[in-house]
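Taking our numbering, the leading residue of the sequence shown gets 24, the next gets one more, and so forth.
Don't be surprised by glycine CBs; every beta carbon is placed ideally from N, CA and C.
One structure below.
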Amino acid sequence: MPIGGTNILTRVNEKELHIISNGKMPIKQFCEIASEIYPYVTAIHLREKQKTARELFQAVQLLTKEHVPRSKIIINDRVDVALATGTRGVQLAFHSLDTAIVKARFPQLLIGSSIHSYGEGRRALEKGADYVIYGHIYSSQSKPGITPKGLKELKRLKQLDIPVIAIGGITPENTEQVIQAGAKGIAVMSGVLDAHDPLAAVKDYLKVLYGDEQSGKLI
């Protein structure tokens with residue numbers, strides 16, 4: 024099922040495509056890209072570690088002004104901003120508030136947990152995360168010099184009863200093997216945001232995830 028058991032997509036039991044901001048490009052530019060691609064993707068993540076709560080709030084306002092629905096927006100780390108803006112959920116890291124606490128206090132939020140191992144995945148499940156983002160799978164521009172995880176641990180994570188979204192160096196060419204290894208979906212930064220034509224890049228991923236005949240809009 025879609026992340027968190029919530030039917031974000033109109034096609035049930037399909038794979039997921041998450042787009043994550045890189046914290047480098049001007050937020051206005053990111054919002055413009057998001058406005059073009061949002062009908063084709065599962066979720067838009069605001070991962071802007073250097074921005075204040077006020078700046079993140081303003082970024083969500085820009086996204087909604089560009090017609091990106093709040094139901095597709097995930098805020099990295101900042102539970103307060105997710106609640107204040109009424110967005111779909113929050114992506115929590117090791118330094119964030121504890122997943123179990125957020126789940127208990129704010130059950131309306133979709134909660135993702137960023138993990139790097141099977142053990143972390145098991146703990147995320149026990150604490151009530153709705154899904155996990157695991158990586159990095161392949162060499163990635165955002166993780167220079169750090170050895171990628173590869174597919175072995177991803178295959179092991181498949182044993183857990185939680186959707187796993189794979190991240191890190193994923194291209195249309197290697198997406199299929201990531202899905203075959205057990206990922207529910209993929210998360211992409213540079214593969215879309217650095218593309219000359221972001222929408223065309225998104226559609227290239229969709230062709231692998233859904234097949235040529237189903238590479239149109241999700242909603």
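* **Among Pro130, His159 and Ile60, the one whose alpha carbon lies nearest that of proline 92** => In this structure, Ile60 is the residue among Pro130, His159 and Ile60 with its C-alpha nearest to the C-alpha of proline 92.
* To do: Could you check if valine 35 is buried or exposed, using at least 16 other CB atoms within 10 Å of its CB as the buried criterion?
  => Here the model assigns valine 35 a pLDDT of 47, short of 50, so the residue's position is not dependable and the matter cannot be decided.
* To do: For leucine 120, name the three-state secondary structure that DSSP assigns.
  => For leucine 120, the three-state secondary structure derived from DSSP is coil.
* Considering only the beta carbon of each residue, do alanine 204 and leucine 232 sit closer than 8 Å? -> No; because the gap between Cβ atoms is not below 8 Å, this pair is not in contact.
* Grab me the residues of valine 201's own chain with a C-beta within less than 8 Å of its C-beta, minus the 5 sequence neighbours each way, in chain order. => Taking C-beta separations shorter than 8 Å and ignoring five residues to either side along the sequence, the partners of valine 201 in its chain run Ile160, Leu174, Leu177, Ala189, Ile193 and Ile209, following chain order.
* Asked: Sorted by chain position, which residues of the same chain lie with C-beta nearer than 6 Å to leucine 133's C-beta, five sequence neighbours on each side aside?
  -> If we look at leucine 133 and ignore the five residues flanking it on each side, its Cβ neighbours are Gly27, Arg111, Gly112 and Asp153.
* Return the CA-CA distance between threonine 198 and histidine 90, expressed in angstroms with no decimal places. => If you take the alpha carbons of threonine 198 and histidine 90, they lie about 28 Å apart.
* Asked: CB-CB under 7 Å to serine 58, same chain, minus the five flanking residues each way: which ones, in chain order?
  -> Once the five neighbours on either side are set aside, the close Cβ partners of serine 58 are Glu89, His90 and Val91.
* For proline 25, count neighbouring C-beta atoms within 10 Å of its own C-beta (all shown protein chains included) and say buried if the count is 16 or more, exposed if not. => Low confidence applies to proline 25: its pLDDT is 44, below 50, so where it sits in the model is not reliable enough to give any reading.
* Locate the beta strand (DSSP E) running through tyrosine 154, then write down its first and last residues. => First-last of the beta strand (DSSP E) with tyrosine 154: 154-158.
* Please confirm whether valine 155 and isoleucine 138 have their CB atoms less than 8 Å apart. => Against a cut-off of 8 Å, the Cβ pair of isoleucine 138 and valine 155 comes out as a contact.
* Asked: What span of residues does the beta strand (DSSP E) with glycine 135 cover, start to end?
  -> Here the beta strand (DSSP E) through glycine 135 covers 133-138.
* To do: Could you tell me which residues DSSP pairs with valine 211 in its beta bridges?
  => Answer by DSSP bridge pairing, in chain order: Ile42.
* Paired residues, beta bridge with serine 189 - DSSP -> Correcting the residue identity first, residue 189 is alanine in this sequence and not serine. Bridge partners of alanine 189: Tyr157 and Ile209.
* Asked: DSSP three-state call for glutamine 73: helix, strand or coil?
  -> Reduced to three states, the DSSP call for glutamine 73 is coil.
* Asked: Is it true that the CB of isoleucine 96 sits closer than 8 Å to the CB of leucine 115?
  -> Taking 8 Å as the cut-off, the beta carbon of leucine 115 is found no closer than this to the beta carbon of isoleucine 96.
* Asked: Between glutamate 55 and the rest of its own chain, which residues show a CB-CB distance below 8 Å, the 5 nearest in sequence each way excluded?
  -> Cβ neighbours of glutamate 55 beyond the five flanking positions: Glu89.
* By how many angstroms is the C-alpha of valine 215 removed from the C-alpha of valine 73? -> Reading the sequence as shown, one finds glutamine at residue 73 and not valine. Taking the Cα positions, glutamine 73 is about 21 Å away from valine 215.
* Between the beta-carbon of leucine 180 and the beta-carbon of leucine 40, is there less than 8 Å? -> At least 8 Å separates the beta-carbon of leucine 180 from that of leucine 40.
* **Contact under 8 Å by Cβ, proline 171 with glycine 144** => In this structure, proline 171 keeps its C-beta atom at 8 Å or more from the C-beta atom of glycine 144.
* Asked: Terminal residues of the continuous beta strand (DSSP E) containing isoleucine 60?
  -> Unbroken run through isoleucine 60 is the alpha helix (DSSP H), 50-60; no beta strand (DSSP E).
* Can alanine 105 and phenylalanine 80 be called in contact, C-beta distance under 8 Å? -> Not closer than 8 Å, so no.
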